[in-house]
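Here the sequence shown is numbered in the numbering used here, starting from 62 and rising by one per residue.
Ideal Cβ positions, reconstructed from N, Cα and C, are used throughout, including at glycine.
Read through the structure below, which is laid out as structure tokens, and then see the notes.
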Amino acid sequence: MKTASRQGRRPAFGGAGRAGHYARRALALLIGAAFVFPFYWTVVISLGKPGEFSNFPPALWPHWQWSNWSRAWDAAPWVRLFANTVLIASGTVLLCLVTSLLAGFAFGVLRFPGRKALTLVVLSVLMMPGTVLIIPDYVLANDLHLLNTYWIQIIPWGASVFGIFLVRQFFLAIPQEILDAASLDGASRLRVLRSIGMPMVRPALLIIAVNVFLGSWNSFLWPVIMTSSTMDSSNTVQPVEVGLSIFSSAEGTDFPGLAAAVTFTTLPVMVFFLVLQRQFIRGALSAAGGVRG
């Protein structure tokens with residue numbers, strides 16, 4: 062009787078399980094649609110007719126005005142701007158990885174007087190709004206003759222407090238006996254860092270690289286203040302985000318052209334993330350474990 066009763070309840074349990082599975086899928090689709098819709102809406106605007114942006118109800122299907130894209134592409138030297146952005150973002154990522162690795166190793170492995178106090182000082186930088194430092198930073202960059210250069214867009218962002226903290230937490234999770242054994246075998250500190258430390262903190266370095274690259278690609282306020290070169294293909298050092306400002310003027314904003322430019326300047330970042338999403342998720346999970354440790 063008990064066996065029959067249990068067997069009789071199994072279909073109901075299986076039906077409830079399938080219903081929950083479909084409900085989770087439906088919820089995932091709704092959340093995904095909520096994230097994808099802004100990009101789709103941008104594409105619709107980029108292919109719409111002039112003046113259609115403010116219509117209500119809005120058009121949810123593009124009118125395929127590809128002339129907006131050609132006009133947007135001709136409005137600025139995008140090839141040069143893309144090259145500038147890749148150069149700036151790559152240089153920033155490389156410098157940030159080096160500083161995060163070295164500083165994280167020093168704070169997480171080395172023992173020296175004032176280590177904890179210095180760590181707190183570094184972390185306190187996170188509490189300072191960056192906008193309050195723009196004027197003194199501009200004066201300093203002008204005194205050093207760094208305005209309108211690639212260096213002013215790379216060097217100030219070549220150190221990440223978040224990156225230092227993340228790498229430090231990974232090193233704190235590494236058993237000290239492993240590092241001590243390598244030192245006893247005659248390995249120098251740089252050898253220990255290169256042979257033991259770097260492979261173990263690789264997930265943290267991947268997280269830092271992706272975050273810094275995306276932050277550098279989307280940067281607007283800093284380069285628009287520190288660079289004032291004209292939109293000329295021969296001498297501009299500005300990134301793509303600054304190039305988007307060409308669609309706004311005293312006469313108004315060219316929304317279809319701006320949406321078209323936003324679309325083809327965002328696509329490389331989306332492709333970059335989609336290609337590395339598996340490694341990014343794996344690195345994020347490993348980083349969460351390292352921080353807890």
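Selected residue, minimal CA-CA separation from residue i, among the options
i: T297; options: A95, F98, R229 and A137; result: A137
i: L201; options: M287, R252, D246 and P118; result: M287
i: S131; options: A320, F334 and V336; result: A320
i: L121; options: G258, L205 and F98; result: F98
i: N209; options: S256, T146, I239 and P284; result: P284
i: P111; options: H124, V332 and A80; result: H124
i: A150; options: A178, P260, I342 and V301; result: V301
i: R172; options: N272, F232, L275 and V140; result: F232
Per-residue DSSP class, three states only, for residue i
i: G247; result: coil
i: S131; result: helix
i: S280; result: coil
i: G152; result: helix
i: G313; result: strand
i: V170; result: coil
i: E302; result: helix
i: P123; result: coil
i: S289; result: coil
i: S256; result: helix
i: M331; result: helix
i: P190; result: coil
i: G69; result: Unreliable positioning characterises G69 in this predicted model, as indicated by a pLDDT of 49, which lies under 50. A coordinate reading is not provided.
i: K110; result: coil
i: K93; result: The sequence as given places Gly at residue 93; Lys does not occur at that position. In the structure shown, G93 sits in a helix (DSSP, three-state: H, G or I).
i: F117; result: coil
i: A137; result: coil
i: T297; result: coil
Inter-residue Cα distance where the pair is residue i and residue j
i: A65; j: A84; result: Only weak support is given to the placement of A65: the predicted model assigns it a pLDDT of 49, under 50, and the value that follows is read from those uncertain coordinates. Whole-angstrom Cα-Cα distance: 30 Å.
i: G354; j: L155; result: Because the pLDDT at G354 is just 49, under 50, the model does not fix this residue reliably, and the value given afterwards should be weighed accordingly. Rounded to the nearest angstrom, the two C-alpha atoms are 27 Å apart.
i: L282; j: L240; result: 43 Å
i: I38; j: D135; result: Since the first residue of the chain shown is 62 and the last is 354, residue 38 is not available in this structure.
i: M189; j: W127; result: 45 Å
i: R79; j: L91; result: 18 Å
i: V183; j: F168; result: 10 Å
i: T153; j: G219; result: 5 Å
i: L162; j: M261; result: 11 Å
i: I268; j: F223; result: 10 Å
i: S306; j: L205; result: 27 Å
i: W139; j: G304; result: 8 Å
Proximity test, Cβ basis, 8 Å: residue i and chain B
i: V147; result: Looking at the structure shown, chain B is missing, and only one protein chain is on hand.
Point to revise | Start-end ranges of the alpha helix (DSSP H) lying completely within the stretch 201–250, minimum 4 residues | key: Listed in chain order, the alpha helix (DSSP H) elements of length 4 or more contained wholly in the stretch 201–250 are 212–215, 222–234 and 237–245.
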